[in-house]
Amino acid sequence: MPNSVNGVALAVFIFFFLAVTVMGFLASRWRKADNEHSLDEWGLGGRSFGTWITWFLLGGDVYTAYTFVAVPAAIYAAGAAGFFAVPYTILVYPLIFTFLPRLWSVCHRHGYVTTADFVRGRFGSKGLSLAVAFTGILATMPYIALQLVGIQAVLDVMGVGGGENTNWFVKDLPLLLAFGVLAAYTYSSGLRAPAMIAFVKDTLIYVVIVVAIIYIPIKLGGFDEIFAAADKKYTDAGVGGLLPAAEGQWTYATLALGSAMAMFMYPHSITATLSSRSREVIRRSTTVMPLYTLMLGLLALLGFMAIAAGIKVTNGQLAIPQLFETMFPDWFAGVAFAAIGIGALVPAAIMSIAAANLFTRNIYKDFIRPDATPAQETKVSKLVSLLVKVGALVFVLTMDKTVAINFQLLGGIWILQTFPALVGGLFTRWFHRWALLAGWGVGMIYGTVAAYGVASPTQKHFGGSAKEIPGIGEIGYIGLTAFLLNVVVTVVLTFVLKAAKAPEGIDVTSPGDYTADAAEAEAKAAPTLRPGTSPAPNPS
Numbered sequence: 004m005p006n007s008v009n010g011v012a013l014a015v016f017i018f019f020f021l022a023v024t025v026m027g028f029l030a031s032r033w034r035k036a037d038n039e040h041s042l043d044e045w046g047l048g049g050r051s052f053g054t055w056i057t058w059f060l061l062g063g064d065v066y067t068a069y070t071f072v073a074v075p076a077a078i079y080a081a082g083a084a085g086f087f088a089v090p091y092t093i094l095v096y097p098l099i100f101t102f103l104p105r106l107w108s109v110c111h112r113h114g115y116v117t118t119a120d121f122v123r124g125r126f127g128s129k130g131l132s133l134a135v136a137f138t139g140i141l142a143t144m145p146y147i148a149l150q151l152v153g154i155q156a157v158l159d160v161m162g163v164g165g166g167e168n169t170n171w172f173v174k175d176l177p178l179l180l181a182f183g184v185l186a187a188y189t190y191s192s193g194l195r196a197p198a199m200i201a202f203v204k205d206t207l208i209y210v211v212i213v214v215a216i217i218y219i220p221i222k223l224g225g226f227d228e229i230f231a232a233a234d235k236k237y238t239d240a241g242v243g244g245l246l247p248a249a250e251g252q253w254t255y256a257t258l259a260l261g262s263a264m265a266m267f268m269y270p271h272s273i274t275a276t277l278s279s280r281s282r283e284v285i286r287r288s289t290t291v292m293p294l295y296t297l298m299l300g301l302l303a304l305l306g307f308m309a310i311a312a313g314i315k316v317t318n319g320q321l322a323i324p325q326l327f328e329t330m331f332p333d334w335f336a337g338v339a340f341a342a343i344g345i346g347a348l349v350p351a352a353i354m355s356i357a358a359a360n361l362f363t364r365n366i367y368k369d370f371i372r373p374d375a376t377p378a379q380e381t382k383v384s385k386l387v388s389l390l391v392k393v394g395a396l397v398f399v400l401t402m403d404k405t406v407a408i409n410f411q412l413l414g415g416i417w418i419l420q421t422f423p424a425l426v427g428g429l430f431t432r433w434f435h436r437w438a439l440l441a442g443w444g445v446g447m448i449y450g451t452v453a454a455y456g457v458a459s460p461t462q463k464h465f466g467g468s469a470k471e472i473p474g475i476g477e478i479g480y481i482g483l484t485a486f487l488l489n490v491v492v493t494v495v496l497t498f499v500l501k502a503a504k505a506p507e508g509i510d511v512t513s514p515g516d517y518t519a520d521a522a523e524a525e526a527k528a529a530p531t532l533r534p535g536t537s538p539a540p541n542p543s
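First residue of the sequence shown: 4, per the working numbering; consecutive thereafter.
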């Protein structure tokens, strides 16, 4: 770790940071609407984004500063087992291609802003809607915190803020300033800010990775030397060399599958999806999203390069920033640090907006102030977006960074439990609303309790997301086991409740809603955009 500030790298970092800050505030004038005081405008960018903007926005959602730092850090620490992120991003795109266009269509026709809006309209259940909203907010909070961890890792490597013995205010002041800027332009510009900044963020990331994958191996003697050094480290550490041990295969496979299913359950992914202007935009965007997976595969190789370069860090999250500091000229290290820093600002902004929309629509509007006007909804959502970011900042400043990472893994377990209600609801009305709520509860409780019992070298509880699968004896992803329990409970109770003729609630959607494109959806939209008030209920 450097003992002094890298002035050149810091200057380049500040240049790009100021540039995107200006862009963030100017974004409020981009495609400015006649009526700005609605969640459609502030929280979804007016539902007006085309294919490339949506692609960049989805990429900004999925490929974050956490991805940039943590994926190669996992390779650096554990070997090829850390590559699970690559197959799961391959699995996810065929999956979302099947259901995101349907979700866009029904949400566009009925004016739904959140997944919880859709669940309430589909199943006629405020309780189930509240469960989905609560889970989304809960799972998003540690995810936002990790973006701030990414910024902090870059600042630490540049030597900004002093050492561990420095006064806490001086040490954390750069992070506080970055947080303040993020909060200000998100409040001002809403989703338009991260949509505009995503262009800069992804361009920088692609440039840095292409340069790194060519330049660093040349300096280290080629990939043969890199893989040989990595193999030696893993063999000496007793983890079986480059390839993961046989006993870890179940963990690898279940973690990849479960993560793929969970990725687009996060509210920020749905927020980016609903901001697009047509169903075809979603279909086109998802077909080119695998370009990001190619980038991710190359990014993961940086973990091996850090080993070959002799990078030694006590916190694995610093391995890649330290690699850039060591291998690149100072000016290009600044570009790489800017890519990571901006890679944190974009998703953090989208996540805070998505969490705020969930609170406003599905807690404040449904349970606190049903007569709230669109302007009041927008005001509340802006304020809540600030509070969400403050909560994430407190989390980062008061807890160990490993804890933040493990709580993000716990968030993945939680958000996966909304899959039956959301994706299941897009294709069938057969599930009973009370059965879905019970299944969600079982999945949440099992997943949380199981994760609580996992220890790590640094934590007694919540030390990981893998545990023995009951009845199989293999170590697997807790979230997928909890999901299977969720589905079993939902199916069994649906049979029971239907046999008992329990009231099922009113489905306000119709089959045509799930395939409607923009013009048709707008022509047939209900007069009111609140879920539960559309005409012609469909009991099917």
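Ideal Cβ positions, reconstructed from N, Cα and C, are used throughout, including at glycine.
Checking the DSSP bridge columns, you'll see Ser279 partnered with Phe52. Leaving aside the five residues that flank Tyr188 on each side, the residues in its chain whose CB is nearer than 7 Å to its CB run, in chain order, Thr24, Gly27, Phe28 and Ala196.
With fewer than 16 neighbouring CB atoms inside 10 Å of its own CB, Tyr455 falls in the exposed class. Taking a 10 Å sphere around the C-beta of Glu250, we find fewer than 16 other C-beta atoms and assign the residue as exposed.
For Lys501, the uninterrupted alpha helix (DSSP H) run begins and ends at Ile481 to Ala502, by DSSP.
Of all alpha-carbon atoms in Leu412, Trp443 and Leu413, the one lying nearest the alpha-carbon of Gly427 is that of Trp443.
Per the Cβ contact rule, the segment 255-274 is not in contact with the segment 488-506 (fewer than 3 Cβ pairs under 8 Å).
Taking all protein chains shown into account, Ile221 has fewer than 16 neighbouring C-beta atoms within 10 Å of its C-beta and is therefore exposed. Look at Ala240 here: in three-state DSSP terms it is coil, with no helix or strand label. Between Val406 and Pro460, the alpha-carbon positions lie close to 12 Å from each other. Between the alpha carbons of Leu223 and Gly313 lies a gap of roughly 10 Å.
A residue is called buried when at least 16 other Cβ atoms come within 10 angstroms of its Cβ; Glu328 meets this threshold and is buried. By the neighbour-count definition (other C-beta atoms within 10 Å, threshold 16), Ser128 is a buried residue.
Inter-segment contact for the segment 430-445 and the segment 384-404 is absent: fewer than three beta-carbon pairs are separated by less than 8 Å.
No Cβ-Cβ contact shorter than 9 Å links Val393 with Leu151. DSSP places Ala469 in the uninterrupted beta strand (DSSP E) bounded by Ala469 to Glu471.
Residue environment analysis places His464 among the exposed positions, since fewer than 16 neighbouring C-beta atoms fall within 10 angstroms of its C-beta.
Ile343 and Ala68 do touch by the CB rule: their CB atoms are close to 5 Å apart, below 8 Å. Here Trp334 is near Ala12, since their CB atoms are less than 9 Å apart.
The shortest C-alpha to C-alpha distance from Ala119 to any of Asp516, Leu487 and Ile418 is the one to Ile418. Here Ile475 is exposed, its C-beta having fewer than 16 other C-beta atoms within 10 Å.
Distances from the alpha-carbon of Pro473 to those of Gly466, Gln462 and Ala485 put Ala485 closest.
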